[in-house]
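For the record, in the sequence shown the residue sitting at position 67 is 63 according to our numbering, with numbers rising by one throughout.
For every residue, glycine included, the Cβ atom is placed at its ideal position computed from N, Cα and C.
What follows is one structure encoded as structure tokens, with my remarks underneath.
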Amino acid sequence: MRPTVAFVAHHDFRSNSGIHLFNLANGLADIGTRCAAVVPGDLGTVDLLGQPRFDVVSVRQRRRVRPRLVHAWTPRTAVRTVAEPLARRSNAPSIVHLEDNESLITDAGDYKPFLAAAAGVTVVHQSLLEFAPPGKPTCVIWPAFEPNLFRPRAADPDVRARLGIADDAAVIVYHGNTHALNVNEVRNLYLAVALLNERGTRVTLVRLGDDWADVLGSKPTRLSANVVRVPYVPRADVPAYLALADVFVQPGAPGPFNDYRFPSKLPEFFAMGKPVILPRANVGLSLRDGEECLHLMTGDAEEIVAAVSRCLSDPVLCVRLGEAGRAFAEEHLSWSRNAQAVRALYDRVLDEVER
């Protein structure tokens, strides 16, 4: 098997990282770049996202793949131990993808020699270019959305009724996982929902995603009272839940975690055409407060309460924010444009190596 590029993933296609890889690889296939994805875990999870137009190979089968270029989808240990020998065996240059401030979450800097040896670097947000070795060709890949799935649509009353949401309740939908680095941020969202209800504004939080950390902490009854948990649903069904929202909240604040990431939920939030509240960090720096979004500076529960209350009390503002956010997504958050940019990076790297 001689694809142009082999992606090496750290997780299967149930992860946000896997969703990014899937859409980028399909976009590359559409412009004539043959791809393979070397994936740990369950290869069948690719079918949860749609029809892949690229090869999917297990880690055990990786010796079948001899690419011209290896794209390591993060520099984490599970990826490095596959990508480095694959590149050597294929005599192929490597590109490394950064989707987080890796120094906060992995390997205590062990990834740095791998990154330094790369022929190029891709990043999910331009702030991560700070970690790219000087002189390396780079490409920024903002996460995007699937236009056939995520678009303005009316809420389905049957979905709302099935979840037991009261007729007079406003809805916030959050479809993300929690882990050690964001659990306090998500807890602030839960607390904000509790405070809104305690002060007379009826709000239900609809939660999709897994908890790898304890969100409820010492106040489980108070924080869970107005939360509806939804078990795993196929990606094609996610928009029906997002359509229930009156407002979306990406909790958090500027800092060493949020400054160097691009939450995968945000393109989908904006694409739905509803108001979005998010930190003044990462992509939030590219959006105008009060025009395309509402910014969070501290990310605490009281600030979230104030921002949600502002939206719920001002329908005109909600419409303006929703329409402007949707326009931002249509202009800037496209997998097909990402594929064109990444293909140009591949061509540059291969030209330099094969010269």
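Contact belief for residue i with residue j at Cβ below 8 Å, rounded distance in angstroms
i: Trp331; j: Ala140; result: 4 Å
i: Ala25; j: Arg49; result: 4 Å
i: Thr197; j: Ser305; result: 7 Å
i: Gly205; j: Asn173; result: 5 Å
i: Val211; j: Val167; result: Going by Cβ atoms, the distance from Val211 to Val167 rounds to 18 Å, so no, they are not a contact pair.
i: His171; j: Lys108; result: That belief does not hold up - the Cβ atoms of His171 and Lys108 are roughly 33 Å apart, past 8 Å.
i: Phe253; j: Leu125; result: No, Phe253 and Leu125 are not in contact; Cβ-Cβ is about 17 Å, not under 8 Å.
i: Gly295; j: Ala221; result: Actually they are not in contact, since the Cβ atoms of Gly295 and Ala221 sit about 22 Å apart, beyond 8 Å.
i: Val345; j: Leu65; result: 7 Å
i: Val1; j: Pro63; result: 6 Å
i: Arg257; j: Val120; result: 7 Å
Burial state of residue i, where buried means 16 or more other Cβ atoms lie within 10 Å
i: Gln246; result: buried
i: Gly23; result: buried
i: Lys215; result: exposed
i: Val312; result: exposed
i: Val315; result: exposed
i: Ala302; result: exposed
i: Asp242; result: buried
i: Thr200; result: buried
i: Gly280; result: buried
i: Pro275; result: buried
i: Val349; result: exposed
i: Glu327; result: exposed
i: Thr77; result: exposed
i: Gly318; result: buried
i: Glu194; result: exposed
i: Pro263; result: buried
i: Tyr228; result: exposed
i: Asn87; result: exposed
Close-in-space but distant-in-sequence residues of the same chain around residue i (CB under 6 Å, 5 per side omitted)
i: Leu238; result: Val169 and Met268
i: Thr41; result: Asp8, Phe9 and Arg10
i: Ile15; result: none
i: Pro235; result: Leu145 and Phe146
i: Leu111; result: Pro71 and Val92
i: Glu299; result: Leu292
i: Asp207; result: Thr174
i: Leu159; result: Val224
Close Cβ partners of residue i (< 8 Å) along its chain, the five nearest in sequence each way excluded
i: Asp255; result: Asn97, Ser123, Ala277 and Asn278
i: Thr118; result: His67, Ile91, Val92, His93, Leu94, Thr134, Cys135, Val136, Ile137, Val338 and Leu341
i: Gly251; result: Ala277
i: Lys132; result: Ala114, Ala115, Gly116 and Val117
i: Leu44; result: Phe9, Arg10, Pro230 and Arg231
i: Val52; result: Ala32, Ala33, Val35, Leu39 and Val42
Which of helix, strand or coil DSSP assigns to residue i
i: Trp208; result: coil
i: Val221; result: The residue asked about is misnamed: residue 221 is Ala in this sequence, not Val. The answer is coil: DSSP assigns Ala221 none of H, G, I, E or B.
i: Ile15; result: helix
i: Leu313; result: helix
i: Ser90; result: strand
i: His175; result: coil
i: Ile300; result: helix
i: Arg10; result: coil
i: Asp347; result: helix
i: Leu283; result: coil
i: Leu159; result: coil
i: Ala188; result: helix
i: Arg198; result: coil
i: Leu290; result: strand
i: Arg203; result: strand
i: Ala2; result: strand
i: Ala340; result: helix
i: Ala25; result: helix
i: Ala320; result: helix
i: Ala165; result: coil
Other residues of its chain near residue i: CB distance less than 7 Å, five sequence neighbours each side excluded
i: Pro148; result: Met268, Gly269 and Arg322
i: Trp69; result: Phe3, Val4, Ala5, His6, Ser13, Leu17, Val75 and His93
i: Ala209; result: Thr174, His175, Ala176 and Val179
i: Leu283; result: Cys289 and Phe324
i: Pro191; result: The sequence shown places Leu at residue 191, not Pro. Result list for Leu191: Ala297 and Val301, in chain order.
i: Ala320; result: Glu287 and Glu288
i: Arg156; result: Leu240
Any C-beta of chain B under 8 Å from that of residue i
i: Ala115; result: Among the chains in the structure shown there is no chain B, since it carries only a single protein chain.
Residue i CB to nearest heavy atom of the ligand COA below 7 Å
i: Leu145; result: Of ligands this structure carries none, so the ligand COA is not represented either.
Output the residue ranges of the alpha helix (DSSP H) runs that lie fully inside the segment 107 to 151 and measure 4 residues or longer, sorted by chain position. 108 to 113
Jot down the residue ranges of each uninterrupted alpha helix (DSSP H) in the segment 213 to 279, minimum 4 residues, whole runs only, in chain order. Taken in chain order, the complete alpha helix (DSSP H) segments of 4 or more residues contained in the segment 213 to 279 are 216 to 220, 234 to 238 and 261 to 267.
Whole beta strand (DSSP E) elements within the segment 33 to 85, 3-residue minimum: If you keep only unbroken beta strand (DSSP E) runs of at least 3 residues inside the segment 33 to 85, you get 51 to 54 and 65 to 69.
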